[in-house]
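From first to last, the protein sequence lines stand for chains U and Y.
Quick note on numbering: the numbering used here labels position 31 of the first sequence as 316, and the sequence is numbered without any gaps.
Quick note on numbering: the numbering used here labels position 24 of the second sequence as 108, and the sequence is numbered without any gaps.
A short write-up of the structure that comes next.
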Amino acid sequence: MATGLKTWLRGCWRFVRELSGDDGYERYLAHHAACHIDSVALTRREYFRRREGEKWEGVRRCC
Amino acid sequence: MNNKTLAALTWIAVALLGAAAVGGIALNRGESINALWFITAALCVYAIAYRFYAAWIASKVLLIDPTRATPAERLENGRDYLPTNRWIVFGHHFAAIAGPGPLVGPTLAAQFGYLPGTLWILVGAVLGGCVQDMVTLFFSTRRNGRSLGQMARDELGPIGGIAALVATLLIMIILIAVLGLVVVNAMKNSPWATSTVAATIPIAMIVGLYMRNIRPGRVLEGSLLGIVLLLLAVAGGGWLDHQPVLREWFNHPGLPLAWAVIVYGFAAAILPVWMLLAPRDYLSTYMKLGTVILLALAIVWMQPTVKMPALTQFIDGSGPIFGGKLFPFVFITIACGAISGFHALIASGTTPKLLANERDIRMIGYGGMALESFVAIMAMIAATVLDPGVFFAINSPAGVVGKEAADAVAKITSWGFPVTVEQMSLLAQQMGEATLFARTGGAPSLAVGMASIFGSAFGEGMLAMWYHFAIMFEAIFILTTLDAGTRVGRFMLQDMLGNIWPRLGQTSWYPSVLLSSGIVVAAWGYFLYIGVIDPNGGVNILWPLFGISNQILAAIALCVATGILVKSGKLKYAWITALPLAWLTLITSAAVWEKLTSDDVRIGFFAAANDLAAKLAAGSLPPEKAAVAPTLIFNQQLDALLAIFFACMLWLIVLDMLRICARHLANKPVPPLSEAPHQVTKLEEAWQRD
Numbered sequence: 286m287a288t289g290l291k292t293w294l295r296g297c298w299r300f301v302r303e304l305s306g307d308d309g310y311e312r313y314l315a316h317h318a319a320c321h322i323d324s325v326a327l328t329r330r331e332y333f334r335r336r337e338g339e340k341w342e343g344v345r346r347c348c
Numbered sequence: 085m086n087n088k089t090l091a092a093l094t095w096i097a098v099a100l101l102g103a104a105a106v107g108g109i110a111l112n113r114g115e116s117i118n119a120l121w122f123i124t125a126a127l128c129v130y131a132i133a134y135r136f137y138a139a140w141i142a143s144k145v146l147l148i149d150p151t152r153a154t155p156a157e158r159l160e161n162g163r164d165y166l167p168t169n170r171w172i173v174f175g176h177h178f179a180a181i182a183g184p185g186p187l188v189g190p191t192l193a194a195q196f197g198y199l200p201g202t203l204w205i206l207v208g209a210v211l212g213g214c215v216q217d218m219v220t221l222f223f224s225t226r227r228n229g230r231s232l233g234q235m236a237r238d239e240l241g242p243i244g245g246i247a248a249l250v251a252t253l254l255i256m257i258i259l260i261a262v263l264g265l266v267v268v269n270a271m272k273n274s275p276w277a278t279s280t281v282a283a284t285i286p287i288a289m290i291v292g293l294y295m296r297n298i299r300p301g302r303v304l305e306g307s308l309l310g311i312v313l314l315l316l317a318v319a320g321g322g323w324l325d326h327q328p329v330l331r332e333w334f335n336h337p338g339l340p341l342a343w344a345v346i347v348y349g350f351a352a353a354i355l356p357v358w359m360l361l362a363p364r365d366y367l368s369t370y371m372k373l374g375t376v377i378l379l380a381l382a383i384v385w386m387q388p389t390v391k392m393p394a395l396t397q398f399i400d401g402s403g404p405i406f407g408g409k410l411f412p413f414v415f416i417t418i419a420c421g422a423i424s425g426f427h428a429l430i431a432s433g434t435t436p437k438l439l440a441n442e443r444d445i446r447m448i449g450y451g452g453m454a455l456e457s458f459v460a461i462m463a464m465i466a467a468t469v470l471d472p473g474v475f476f477a478i479n480s481p482a483g484v485v486g487k488e489a490a491d492a493v494a495k496i497t498s499w500g501f502p503v504t505v506e507q508m509s510l511l512a513q514q515m516g517e518a519t520l521f522a523r524t525g526g527a528p529s530l531a532v533g534m535a536s537i538f539g540s541a542f543g544e545g546m547l548a549m550w551y552h553f554a555i556m557f558e559a560i561f562i563l564t565t566l567d568a569g570t571r572v573g574r575f576m577l578q579d580m581l582g583n584i585w586p587r588l589g590q591t592s593w594y595p596s597v598l599l600s601s602g603i604v605v606a607a608w609g610y611f612l613y614i615g616v617i618d619p620n621g622g623v624n625i626l627w628p629l630f631g632i633s634n635q636i637l638a639a640i641a642l643c644v645a646t647g648i649l650v651k652s653g654k655l656k657y658a659w660i661t662a663l664p665l666a667w668l669t670l671i672t673s674a675a676v677w678e679k680l681t682s683d684d685v686r687i688g689f690f691a692a693a694n695d696l697a698a699k700l701a702a703g704s705l706p707p708e709k710a711a712v713a714p715t716l717i718f719n720q721q722l723d724a725l726l727a728i729f730f731a732c733m734l735w736l737i738v739l740d741m742l743r744i745c746a747r748h749l750a751n752k753p754v755p756p757l758s759e760a761p762h763q764v765t766k767l768e769e770a771w772q773r774d
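Structure follows, in structure tokens:
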């Protein structure tokens with residue numbers, strides 16, 4: 286029971302982190318390690334700056 | 085077999101319950117009705133539509149193929165193309181489509197009574213809005229996540245492409261103006277509201293700085309800090325309101341506040357996104373989700389009674405909030421929440437690049453819009469649980485009911501909605517405001533409604549806090565839309581100007597940034613100014629224009645979808661988009677016609693202009709009105725031109741779509757389908773479904 290609840294709470298926490306983009310850098314590192322192993326990964330600061338710039342290029346919010 | 089029977093019985097029960105609830109709210113006359121019936125009716129309607137209609141569209145019309153690789157898989161780049169868990173995509177999609185529109189529209193449309201708006205929100209969503217969002221998402225997914233404008237150009241030709249681009253830019257401008265007006269009317273002469281809204285700007289900057297420099301990328305920490313600061317700002321506004329000197333700094337009438345919003349909008353457009361826009365967006369998303377969930381819980385828990393009648397006498401067009409008959413104006417007033425063209429911009433371009441599998445399209449496209457429609461139902465409940473007299477006193481502009489409180493209550497009571505000066509003063513006092521009269525725009529009455537629901541659920545002593553929390557909550561995401569919209573408008577304008585002089589098209593060249601931001605802000609700023617100086621409250625002019633432009637954007641999306649369906653040989657199913665398209669064409673054309681030809685000065689733009697010109701010529705206007713009369717006359721004519729332009733664009737693209745369909749059916753050459761080739765997904769084995 287307790288472990289079930291724990292897993293569930295952990296799942297919720299992961300969901301909130303992913304939804305908010307809080308774990309974006311960890312995901313980026315994973316993607317980088319998988320696909321671009323030959324280049325140097327961005328630092329956390331560089332990554333976040335790049336992502337914020339890209340995010341607001343298009344229509345992001347409605348009425 | 086047993087499971088099947090059980091499922092069938094369950095769905096029959098849902099259908100019966102839904103029918104009873106819809107029938108109950110539709111046939112009820114004269115008695116008060118529990119808000120829970122609205123929630124029940126809505127949930128049953130969405131459930132049935134999602135289970136049967138959406139599933140049928142997905143499997144029979146669109147032929148959704150779970151084995152087909154999505155653009156997110158084929159073009160994965162770790163940035164915008166990224167296969168993502170469907171609940172995460174749902175969250176992003178919903179956060180992007182749900183703005184202040186579904187809160188404001190139903191509140192205004194409540195002047196017709198609760199019934200017309202509620203029925204349109206339900207029927208419009210399941211047959212129109214949800215279908216539009218879902219098919220647009222599907223077609224864009226099959227086209228590598230192309231935007232609506234690009235799909236219009238590829239599938240219908242250059243006319244469709246240009247119309248989509250121009251419509252998007254114009255709707256953005258009208259949308260920002262009307263939302264700006266809603267915020268201005270909420271802050272007017274209210275130091276508490278104004279100071280709280282003002283405080284959101286430095287708070288966003290602090291959060292921005294935190295997430296960029298202090299703890300880079302720690303989104304949740306930064307957001308939590310911001311939310312705590314926002315709540316402190318609401319409480320701090322209450323303190324400030326009692327400081328005799330300080331409160332005057334924030335006590336302003338509409339016009340200076342409008343200028344402040346315009347200056348703010350320009351600053352937000354030229355500042356880097358990390359400073360204001362991005363952190364504000366995080367805060368508004370959490371506020372939005374949190375408040376919507378809280379409101380739903382409070383309604384279910386409190387089960388407030390809806391006091392507004394099913395229909396009011398204002399269906400004849402004489403309504404105080406905006407002029408115009410039930411048909412077509414209820415359908416124009418409630419755009420977001422029933423069908424909103426703006427969503428097609430999110431459903432194409434952004435969301436499709438995240439989809440891991442085509443079968444998520446029904447949940448995200450159809451389900452996302454159903455949830456937004458549910459938000460609109462809750463806004464309708466929050467508006468109609470108020471005493472109708474109070475509702476009209478808050479929302480009727482001074483130009484209609486009179487400037488003095490005694491005149492206003494006498495007028496509103498004479499309509500059959502009793503209200504007293506004492507009642508309004510007490511309410512204003514409870515909400516921590518000097519007055520609640522003539523706060524047209526929807527935000528204040530919604531805030532009063534939400535405060536009374538929250539107040540009865542979580543303690544009456546906090547009414548003023550809840551009211552200003554609700555105002556802050558609406559203001560923060562209206563300002564997010566304003567920032568984001570100005571920015572998008574700027575990019576689109578730079579894109580167009582780049583065709584004239586390539587240098588202007590460079591989004592990072594500062595002179596071009598200043599010029600294009602200036603043009604976009606000036607455009608919506610002018611309409612905001614029109615709204616603020618209008619004696620009838622501005623909402624009467626701007627909201628219908630916004631509704632018309634939003635529905636026309638929806639019509640463009642449905643034209644693209646209908647064209648693609650016919651070209652893919654699915655003529656017999658084309659009605660799923662052609663039917664809502666025909667309806668939208670009918671209501672927007674009828675609304676434009678009314679706005680142009682009506683003799684009623686509160687409906688017809690030309691009637692208003694001519695009436696004012698005649699009064700000016702006869703010298704019957706008091707000097708302060710005579711001074712602004714030429715501007716008002718010009719504005720009415722400008723609005724009329726805009727309405728004509730919208731209608732022309734609508735018919736242009738509808739006829740263009742019909743031409744393409746006719747050519748296709750006659751086996752003449754048409755632009756080919758631009759669908760990306762089929763490729764089998766490799767994700768399925770590795771992909772953990774939940």
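The C-beta atom is built at its ideal place from N, Cα and C for all residues, glycine as well.
Practice item. Can you tell me which of the three DSSP states Y/Thr396 falls into? Key: Coil at Y/Thr396, not helix or strand.
**Study point:** Pair within 8 Å by beta-carbon distance, Y/Lys641 and Y/Leu373
**Key:** The identity of residue 641 of chain Y in the sequence shown is Ala, whereas the question assumes Lys. Between Y/Ala641 and Y/Leu373, the C-beta gap is not smaller than 8 Å, which leaves the two residues out of contact.
Point to revise | DSSP state of Y/Thr591 mapped onto helix, strand, coil | key: Reduced to three states, the DSSP call for Y/Thr591 is coil.
Practice item. Go ahead and pull the three-state DSSP assignment for Y/Arg152. Key: In the displayed model, Y/Arg152 falls within a strand according to three-state DSSP.
Review point. Are the C-beta atoms of U/Val344 and some chain Y residue less than 8 Å apart?
Key: With 8 Å as the cut-off, U/Val344 counts as an interface residue toward chain Y.
Review point. Using Cβ-Cβ distances below 7 Å, what residues of the stretch 420-447 of chain Y are close to chain U?
Key: So the close ones are Cys420, Ser424, Phe426, His427, Leu429, Ile430, Gly433 and Thr434.
Review point. Quick one: Cα of Y/Leu304 to Cα of U/Ser305, how far?
Key: About 7 Å.
Review point. Does the stretch 279-295 of chain Y come within contact of the stretch 307-317 of chain Y, defined as at least 3 CB pairs closer than 8 Å?
Key: Contact annotation: the stretch 279-295 of chain Y touches the stretch 307-317 of chain Y, with at least three C-beta pairs closer than 8 Å.
**Study point:** the stretch 183-190 of chain Y / the stretch 419-433 of chain Y touching (three or more Cβ pairs under 8 Å)
**Key:** Taking 8 Å as the limit for Cβ pairs, the verdict is that the stretch 419-433 of chain Y does touch the stretch 183-190 of chain Y.
**Study point:** Y/Ile555 versus Y/Arg227, Y/Ala142, Y/Ile257 and Y/Ala277, residue with shortest Cα-Cα distance
**Key:** The shortest CA-to-CA distance from Y/Ile555 to any of Y/Arg227, Y/Ala142, Y/Ile257 and Y/Ala277 is the one to Y/Ala277.
Practice item. Specify the secondary structure class of Y/Asn118 as computed by DSSP and reduced to three states. Key: Y/Asn118: strand per DSSP, three-state reduction.
Check your understanding: How is the alpha helix (DSSP H) around Y/Gly162 delimited, first residue to last?
Key -> Segment: none, Y/Gly162 is in no alpha helix (DSSP H) and carries neither H nor E.
Point to revise | Between the CA atoms of Y/Phe689 and Y/Gln720 - distance to the nearest angstrom | key: Whole-angstrom Cα-Cα distance: 5 Å.
Exercise for review: Please name the residue or residues paired with Y/Thr765 in a DSSP beta bridge.
Suggested key: Beta-bridge pairing links Y/Thr765 to no other residue.
**Study point:** Anticipated Cβ contact below 8 Å, Y/Ile383 with Y/Ile123, distance rounded
**Key:** About 6 Å separates the two Cβ atoms, so the contact holds.
Check your understanding: Assuming Y/Arg443 and Y/Pro150 make a contact with CB atoms under 8 Å, what is their CB distance in whole Å?
Key -> Indeed, because the Cβ distance is near 5 Å, the residues count as touching under 8 Å.
Review point. Given that Y/Arg302 touches chain U, what residues does it touch there, using C-beta distances under 8 Å?
Key: Chain U residues near Y/Arg302: Asp307.
Exercise for review: Could you tell me whether the Cβ of Y/Ala482 comes closer than 8 Å to any Cβ of chain U?
Suggested key: Cβ-Cβ to chain U under 8 Å: no for Y/Ala482.
**Study point:** 8 Å Cβ cutoff met for Y/Ala540 and Y/Phe475
**Key:** According to the sequence shown, residue 540 of chain Y is Ser rather than Ala. Taking 8 Å as the cut-off, the beta carbon of Y/Ser540 is found no closer than this to the beta carbon of Y/Phe475.
Check your understanding: With burial defined as no fewer than 16 other Cβ atoms inside 10 Å of the residue's Cβ, what is the status of U/Asp323: buried or exposed?
Key -> The residue in question, U/Asp323, is exposed, as its Cβ has fewer than 16 Cβ neighbours within 10 Å.
Exercise for review: May I ask you to report which of helix, strand or coil DSSP gives Y/Thr168?
Suggested key: Correct three-state label for Y/Thr168: strand.
**Study point:** chain U contact residues for Y/Ile181, given Cβ-Cβ distances below 8 Å
**Key:** At a C-beta separation below 8 Å, Y/Ile181 has these neighbours in chain U: Cys347.
Point to revise | Y/Thr33 at chain U interface by Cβ criterion, 8 Å | key: This structure does not reach residue 33 of chain Y, given that chain Y is present from 85 up to 774, and the question cannot be answered.
Point to revise | Proximity test, Cβ basis, 8 Å: Y/Ala770 and chain U | key: For Y/Ala770, the predicted model reports a pLDDT of 49, less than 50, meaning its position is unreliable; a value from the coordinates is still stated below. Proximity of Y/Ala770 to chain U, defined by a Cβ-Cβ separation below 8 Å, is not satisfied.
**Study point:** Nearest candidate by alpha-carbon position, reference Y/Phe196, set Y/Thr565, Y/Pro706 and Y/Met464
**Key:** The residue with the shortest Cα to Cα distance from Y/Phe196 is Y/Met464.
**Study point:** Contact with chain Y by U/Gly289, beta-carbon distance below 8 Å
**Key:** By this cut-off, U/Gly289 is not an interface position.
Exercise for review: Answer yes or no: does any C-beta atom of chain U fall closer than 8 Å to that of Y/Ser536?
Suggested key: Chain U contact via Cβ: absent.
Check your understanding: Per DSSP, Y/Leu439 forms a beta bridge with which residues?
Key -> Residue pairing by DSSP places Y/Leu439 opposite Y/Thr168 in a beta bridge.
Point to revise | Residue interval of the alpha helix (DSSP H) (run including Y/Trp358) | key: Unbroken run through Y/Trp358: none, as it is neither H nor E.
Review point. Which word fits Y/Thr89, buried or exposed, when buried means at least 16 other C-beta atoms lie within 10 angstroms of its C-beta?
Key: Counting other Cβ atoms within 10 Å of its Cβ, Y/Thr89 stays below 16 and is therefore classed as exposed.
Check your understanding: Quick one: what does DSSP say Y/Val754 is sitting in, helix, strand or coil?
Key -> Three-state DSSP puts Y/Val754 in coil, outside helix and strand.
Check your understanding: Nearest to Y/Glu759 by alpha carbon, out of Y/Lys651, Y/Ile717, Y/Phe398 and Y/Ala110?
Key -> That would be Y/Lys651, whose Cα lies nearest to the Cα of Y/Glu759.
Review point. Quick one: which chain U residues come within Cβ less than 9 Å of Y/Ala559?
Key: The premise fails here: Y/Ala559 is roughly 15 Å from chain U at the closest Cβ pair, so nothing lies under 9 Å.
Exercise for review: Take Y/Thr284 and list the residues in its own chain whose beta-carbon comes closer than 8 Å to its own, dropping the five residues that flank it on each side.
Suggested key: Hits under 8 Å: Leu314, Ala317, Arg364, Leu367, Met556, Ala559, Ile560 and Leu563.
Exercise for review: Determine the burial state of U/Arg350: buried for a count of at least 16 other Cβ atoms within 10 Å of its Cβ, exposed for fewer.
Suggested key: Missing from the structure shown is residue 350 of chain U; chain U here goes from 286 to 348 and no further.
Point to revise | Near the ligand NAP: Y/Ala344 beta-carbon under 7 Å from a heavy atom | key: Ligands are entirely absent from the displayed structure, and the ligand NAP is therefore not among its contents.
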